[in-house]
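Sequential numbering from -12 applies to the sequence shown in our numbering.
A virtual CB, placed ideally from N, CA and C, is assigned to each residue, including glycine.
A short worksheet on the structure shown next.
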Amino acid sequence: MKFVAICVMTIFTSGCASYQLAPEVESQECAYYHSKKAAPMPPSAMKELKQRCADSQK
């Protein structure tokens, strides 16, 4: 009985460990936008950075 429990736990843990999401790659425009989010800048400039980020993801 112990052997069966150990086998089930091994299969369960190895199955969970093998599932990995692909790393999300951020474009240079989005990285720049995210780094400048808290910077004091005019709303129009922030809007332009956000738009460049959105355009780069298409």
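Using alpha carbons as the reference points, say which of E11, P29, M33 and P27 lies closest to Y20. Mapped onto the sequence shown, residue 20 falls at position 33. Nearest C-alpha to Y20: M33.
Among A(-8), C40 and K(-11), whose alpha-carbon lies nearest the alpha-carbon of H15? Residue mapping note: residue 15 aligns to position 28 of the sequence shown, counting from 1. For clarity, residue 15 is Gln in the given sequence; the question names His instead. Minimum Cα distance to Q15 is reached at C40.
Whole-angstrom distance between Q44 and C17, CA atom to CA atom: Your numbering for residue 17 matches position 30 in the sequence shown. Your numbering for residue 44 matches position 57 in the sequence shown. Their backbone Cα atoms lie some 8 Å apart in a straight line.
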